[in-house]
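If you count the sequence shown from 1, position 140 lands on 141 in the numbering used here, and the numbers rise without skipping. Think of the CB as a built atom: it goes at the ideal place given N, C-alpha and C, for glycine as much as any other residue.
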Amino acid sequence: MKMNGFTCRVQLKNSVMMKKTRNNLQKTWALLFFWGLCLLATGRNHPAPEFVKNLSAPAFGVTSGTVVLLWDDVSEPDFMDEDFFQNPWTYEIYQDGIQIGSTTKRSYRVTGLSPGQTYQFSVGCNKNTEKLFLDENTVKVTTKKAGKIFNVKDFGASGDGKKQDTEAIQKTINTCEKGGTVLVPEGTYIVGGLTLKSDMTLEIAKGALIVFNGYNGTDLYPVTSTILPGMNGDTIEFQRPALIRGTNVHNLVITGEGTIDGNGETWWPNYPSGIEEINGISRPVLMVLAMCSEILIQGITMQDPPFHSNYVMYGNDVIYSEVKFLKYSTVPGRNGDALDPYACRNLIITGCTFGNQDDSVALKGHENFAFNEYIFVRD
2 MKMNGFTCRV QLKNSVMMKK TRNNLQKTWA LLFFWGLCLL ATGRNHPAPE FVKNLSAPAF
62 GVTSGTVVLL WDDVSEPDFM DEDFFQNPWT YEIYQDGIQI GSTTKRSYRV TGLSPGQTYQ
122 FSVGCNKNTE KLFLDENTVK VTTKKAGKIF NVKDFGASGD GKKQDTEAIQ KTINTCEKGG
182 TVLVPEGTYI VGGLTLKSDM TLEIAKGALI VFNGYNGTDL YPVTSTILPG MNGDTIEFQR
242 PALIRGTNVH NLVITGEGTI DGNGETWWPN YPSGIEEING ISRPVLMVLA MCSEILIQGI
302 TMQDPPFHSN YVMYGNDVIY SEVKFLKYST VPGRNGDALD PYACRNLIIT GCTFGNQDDS
362 VALKGHENFA FNEYIFVRD
């Protein structure tokens, strides 16, 4: 009987303990559920870092008046978390200790700087300035000296949207001195193919629109043959017409707030399947840069390419910053790749907008091409 009584007391005690445990678990789960709801409501399930790391300003992203800043977070944000995109972290940009802007991206293009001046930049997050100006969160940059400006209108370009301005703009490019700037001011410029060169800036100003003639046969966009090195010591011949082209170009900047329009829709009625050649000519790429280095393309809009928008072939140290790639057609299947790198090394694509009805960034290759290496697509 005593043994049975002891057993009953043990069973009763265990029953009370189990009931308390269940109550505690219910309270714990309720508390966790409530806490989770609070986190979702306040957007704090991805706490912002105190400061950033790896703040840099690549030399090939510096001009006489602009600087491209890049950085990483101390802790990688959870991009799989839907709330991250609804409540992104905010970064404050400081120039010589004074806040000049903010962004939710991990890059920033500083504008309005003076030529040949040294600036100090820092980046903070969510107004936490405790560690803002530590050495690891500060970068000093000296802008380039300004070169001579060559205005295309001084060389005969009209910009009236009627006259052919190809010859005048090409003459301006050819005349531009080393380190100089070819300025395309506000206006509409009708052009055929253009060829770029090294050590120059092409500035397409706000309100400037460069429009290519579109399809009218084969005379405006000659096929240029580019010889590229292969992996095994042999060579590869690349042939494709381009609206803008540059081979063996270095230290080239294309900048501004203007637009380059490829007038691509005029080509498609002549290419029903999209892939054939007419009189030996296939649809042109909007811009091809081959065997190039230290290239900065920033701020501009590239729209309506006849084929793809940009080919960069064997390019080293290239930045695309805040470029808009646009392609819209009511007809399905009309190609509009934004950026196709071939055998590139250290290519940075940051803060760009892709609205091009096709591949945004497509890493290309060939059985005999070198590999693409260090291709960074940010924000």
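| Check | Outcome |
| --- | --- |
| Apart from the five residues on each side of it in sequence, which residues of its chain come closer than 8 Å, Cβ to Cβ, to residue 108? | 69, 70, 71, 72, 322, 351, 352, 379 and 380 |
| How would you write the range of the beta strand (DSSP E) that residue 121 sits in, first residue to last? | 119-126 |
| Is residue 265 helix, strand or coil by DSSP? | helix |
| Apply the 10 Å Cβ neighbour rule to residue 249 and answer buried if 16 or more other Cβ atoms are within range, or exposed otherwise. | exposed |
| Under a Cβ-count criterion, where at least 16 other Cβ atoms within 10 Å of its own Cβ denotes burial, should residue 342 be classed as buried or exposed? | buried |
| Would you kindly report the start and end of the unbroken beta strand (DSSP E) that includes residue 169? | Residue 169 -> not in any beta strand (DSSP E); alpha helix (DSSP H) instead, spanning 167-176. |
| Classify residue 255 as buried or exposed, calling it buried when 16 or more other Cβ atoms lie within 10 Å of its own Cβ. | buried |
| Taking the beta strand (DSSP E) that residue 151 falls in, what are its first and last residues? | 150-152 |
| Quick one: any contact between the stretch 251-267 and the stretch 280-300, if contact means 3 or more CB pairs under 8 Å? | yes |
| By Cβ distance, which residues of its chain are closer than 6 Å to residue 11, with the 5 residues on each side in sequence left out? | With a pLDDT of only 38 at residue 11, under 50, the local geometry of the prediction cannot be trusted, and no value is derived from it. |
| Quickly, what does DSSP pair residue 68 with across the bridge? List them, please. | 63 and 111 |
| Just to confirm, is the Cβ distance from residue 1 to residue 167 under 9 Å? | Limits of the chain in this structure are 2 at one end and 380 at the other, which puts residue 1 out of reach. |
| Do the CB positions of residue 316 and residue 294 come within less than 9 Å of each other? | yes |
| Please report the straight-line C-alpha distance between residue 158 and residue 125, rounded to a whole angstrom. | 46 Å |
| Between 326, 369 and 160, which has its C-alpha nearest residue 234's C-alpha? | 369 |
| Please state whether the Cβ-Cβ distance between residue 188 and residue 115 is less than 9 Å. | no |
| By the DSSP assignment, the beta strand (DSSP E) with residue 1 in it spans what residues? | In the structure as shown, the chain begins at 2 and stops at 380. Residue 1 is therefore absent and cannot be evaluated. |
| Hey, residue 311 and residue 345 are a contact pair by Cβ (cut 8 Å); roughly how many whole angstroms apart? | Not confirmed; about 11 Å, so no contact. |
| Give me the DSSP bridge partner(s) of residue 226. | 240 |
| Starting from residue 141 and walking both ways along the beta strand (DSSP E), at which residues does that stretch end? | 139-143 |
| Report yes if the CB atom of residue 205 is closer than 9 Å to the CB atom of residue 301, and no otherwise. | yes |
| Can you tell me the Cβ-Cβ gap for residue 192 and residue 153, rounded? I've got them flagged as a contact below 8 Å. | 10 Å between Cβ atoms; not a contact. |
| When you compare only the Cα positions, how much space is there between residue 296 and residue 61? | 7 Å |
| Provide the residue span of the beta strand (DSSP E) that contains residue 342, from first to last. | 340-343 |
| Between the Cα of residue 74 and the Cα atoms of 360, 110 and 138, which residue gives the shortest distance? | 138 |
| Below 8 Å on the Cβ atoms is my guess for residue 347 versus residue 329; work out the distance and round it to an integer in Å. | Contact flag wrong, Cβ pair sits at about 32 Å. |
| Who are residue 394's beta bridge partners in DSSP? | Because the chain is modelled from 2 through 380, residue 394 falls outside the range shown and cannot be assessed. |
| Counting along the chain, where does the beta strand (DSSP E) carrying residue 54 start and finish? | 53-57 |
| Can you grab the Cα-Cα spacing for the pair residue 214 / residue 239, in whole Å? | 24 Å |
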